[in-house]
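Data first, discussion second: the structure below is written as structure tokens.
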Amino acid sequence: MSNKYQKQDGQNYAPKANLSKKVCKEGEFIVGVTRIAHGHIYGMCNGLKEAGASIKYLYDDDPKKIETFKESFPEVEVIESEEELISIPEINLIATSAIANERYLVGLKALDAGKHFFSDKCPMTTLEQVKLARAKVEETSLKWFVYYSERIHVESAIYAGELIKEGRIGDVVSIKGWGPHRLGLFSRPDWFFNKEQYGGIITDIGSHQLEQALYYANAKDATYISSRVGNLNHPEYPGLEDYGDATFITDNGIPCYISVDWFTPDGLSVWGDGRMLICGTKGYIEIRKYLDVANSKEGDHVIVVDEKDEQHYRVNGKIGFPFFGELIRECLYNDVVAMDQEYIFRSIELAIEAENKAVVISGRK
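Residues -12 to 352 (my numbering) are what the sequence shown spells out, left to right.
This is how it looks when you write it as structure tokens:
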């Protein structure tokens, strides 16, 4: 699929790095892929391969998905069953973009087989699933990673995090996240419209925003305040939530607001005008992730206003994606932390809590 198509369709958006560094020798870190239900698996595997991983084994029950995956990763060996794939001794990591409410099952199997696990977001859809996953990590001491692509696979989001850590805007005092997406009705599978399977809009795409809020706040936890969800304009799909928002206060006192929707218009050249606004005691940062509307179709814009001046940084192709190398090193050598395990579980727990407690709204009258 072309890069143009990928940027227009979020479910198939698979970034590739201009800057990448291999952190392991060829054949040292082996990846097995199973259950391709979402195109995010391509971004996951791109990042791993660029960091030195070998995308070596594949299982899926759909021959068309296998054929398409092999177009991007012709080196993969197709395995006849998921059980056989997960039991292959040389595999270090199992990666999946299974249907959302089934991802945790793949993870439990992977860890039971002695493999680390890399899940598409959202990694779980119920609090019981989180409980089981957390217990399995504690039992096995293996790693459970999540592809929160809107931060780890977006150079502007990475650069903004560096500026915040440097103190460019002082202490963070508030965070707002906006995550609009293009619906693309005709390209969506049936499970996308079944809330039991996709988890609800805050659990699904809202988990991106919540994870970022915790990260930029340098927080480990947050307290839920309020949330709303609704089907505002798609009555023909009663299981779909096309709008959601939520508010939280982090454990270090930072108020956060996130808003997500499925209303990106066809006139936008990318799948969604994702933005974050981080306000500090000495300035603020706006992240314009995928384009600068009506000004630049190139992504990765970081707008900084501080006590000295205004800056517009264009960082596309200049930062790279360090998460994937960190993931490999954490699995192989345990000398870095790509993602704190409890942070992963609290991020999705908070998203699920917001989904479960949300006021259901009906929108226009």
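Note that CB positions come from ideal geometry on N, CA and C, so glycine has one too.
Small disclaimer: the values here were computed from a predicted structure and weren't measured.
Nearest-angstrom Cβ-Cβ length linking residue i and residue j, presumed shorter than 8 angstroms
i      : j      : result
Ile290 : Ile151 : At roughly 14 angstroms, the Cβ-Cβ gap does not stay under 8 angstroms, so Ile290 and Ile151 are not in contact.
Thr55  : Gly157 : About 47 angstroms; that fails the 8 angstroms criterion.
Ala24  : Pro176 : 7 angstroms
Leu72  : Thr21  : 6 angstroms
Gly231 : Val257 : Not a contact, Cβ separation roughly 21 angstroms.
His195 : Lys108 : 6 angstroms
Ala97  : Val18  : Ala97 to Val18, Cβ: 11 angstroms. No contact.
Ile139 : Phe250 : In fact, because the Cβ distance is near 25 angstroms, the residues do not count as touching under 8 angstroms.
Lys276 : Asp287 : 7 angstroms
Gly148 : Ile245 : Actually they do not touch by this definition, with Cβ atoms about 17 angstroms apart.
Arg169 : Gly226 : Their Cβ separation, rounded to whole angstroms, is 19 angstroms, which puts Arg169 and Gly226 out of contact at 8 angstroms.
Distance between residue j and residue i (C-alpha atoms, nearest Å)
i       : j      : result
Ser84   : Gly240 : 34 angstroms
Phe179  : Tyr134 : 18 angstroms
Leu337  : Leu197 : 8 angstroms
Asp99   : Phe105 : 14 angstroms
Cys11   : Arg333 : 30 angstroms
Asp238  : Glu67  : 47 angstroms
Tyr185  : Glu223 : 17 angstroms
Lys284  : Glu340 : 36 angstroms
Arg90   : Met111 : 7 angstroms
Val117  : Lys51  : 32 angstroms
Tyr46   : Leu114 : 28 angstroms
Lys9    : Glu317 : 14 angstroms
Tyr(-8) : Gly171 : Caution applies to Tyr(-8), whose pLDDT of 39 falls short of 50 and renders its modelled position unreliable; the model cannot decide the point.
Ile315  : Asp279 : 33 angstroms
Asn181  : Gly187 : 9 angstroms
Glu313  : Ser349 : 43 angstroms
Gly220  : Cys243 : A quick correction: the sequence has Asn, not Gly, at residue 220. Roughly 26 angstroms separates the two Cα atoms.
Lys344  : Asp208 : 18 angstroms
Ser74   : Ile162 : 43 angstroms
Arg301  : Tyr146 : 10 angstroms
Lys33   : Pro2   : What sits at residue 33 in the sequence shown is Asn, not Lys. If I take the Cα positions, the gap works out to 7 angstroms.
Ser59   : Asp253 : 27 angstroms
Asn303  : Ile28  : 22 angstroms
Ala4    : Leu255 : 24 angstroms
Arg351  : Ala281 : 28 angstroms
Asp322  : Val93  : 26 angstroms
Gln298  : Phe308 : 23 angstroms
Ser213  : Ile189 : 12 angstroms
Ala40   : Pro76  : 16 angstroms
Lys123  : Glu13  : 30 angstroms
Proximity to residue i [Cα-Cα], best of the options
i      : options                           : result
Ala38  : Leu319, Arg351, Ile331 and Val346 : Leu319
Lys36  : Arg90, Leu6 and Asp48             : Leu6
Ile265 : Pro76, Val160 and Val124          : Val160
Glu125 : Glu58, Gly350 and Glu329          : Glu329
Glu183 : His195, Glu77 and Ala87           : Ala87
Arg215 : Ala4, Ile42 and Asp229            : Asp229
Ile331 : Arg121, Glu153, Gly193 and Pro225 : Arg121
Met263 : Ala206, Gln199 and Asn303         : Gln199
Glu70  : Glu58, Ile53, Tyr44 and Ala144    : Tyr44
Asp48  : Val65, Phe60 and Gly34            : Val65
Asp191 : Asn282, Glu58 and Glu342          : Glu342
Ala204 : Lys102, Lys57, Ile189 and Gly154  : Gly154
Ala206 : Gly193, Gly26, Glu297 and Asp327  : Asp327
Ile335 : His299, Arg351, Phe132 and Gln298 : Phe132
Gly26  : Ala40, Ile53 and Glu13            : Ile53
Beta carbon of residue i nearer than 8 angstroms to that of residue j
i      : j      : result
Val347 : Gly217 : yes
Phe235 : Tyr202 : no
Glu142 : Ile306 : yes
Leu95  : Leu119 : yes
Ser136 : Gly30  : yes
Val292 : Gly261 : no
Glu15  : Ile42  : no
Ile78  : Lys102 : yes
Gly193 : Ala144 : no
Uninterrupted alpha helix (DSSP H) stretches inside the segment 250 to 325 (no shorter than 4 residues): Counting whole runs of 4 or more residues, the segment 250 to 325 contains the alpha helix (DSSP H) stretches 309 to 319.
Contained alpha helix (DSSP H) runs [length at least 4] in the segment 39 to 83, N- to C-terminal order: Counting only runs of at least 4 residues, the segment 39 to 83 fully encloses the following alpha helix (DSSP H) elements, listed from N- to C-terminal order: 50 to 59 and 69 to 73.
Completely contained beta strand (DSSP E) runs for the segment 121 to 178, where each covers 3 or more residues: Listed in chain order, the complete beta strand (DSSP E) runs (minimum 3 residues) inside the segment 121 to 178 are 131 to 134 and 159 to 167.
Those runs of the alpha helix (DSSP H) which lie wholly inside the segment 188 to 221 and span at least 4 residues: Entirely contained in the segment 188 to 221, the alpha helix (DSSP H) runs reaching 4 residues are, in chain order, 188 to 191 and 193 to 204.
Whole runs of the alpha helix (DSSP H) within the segment 0 to 43, excluding any shorter than 4 residues: With a minimum length of 4 residues, the unbroken runs of alpha helix (DSSP H) contained wholly in the segment 0 to 43 fall at 27 to 37.
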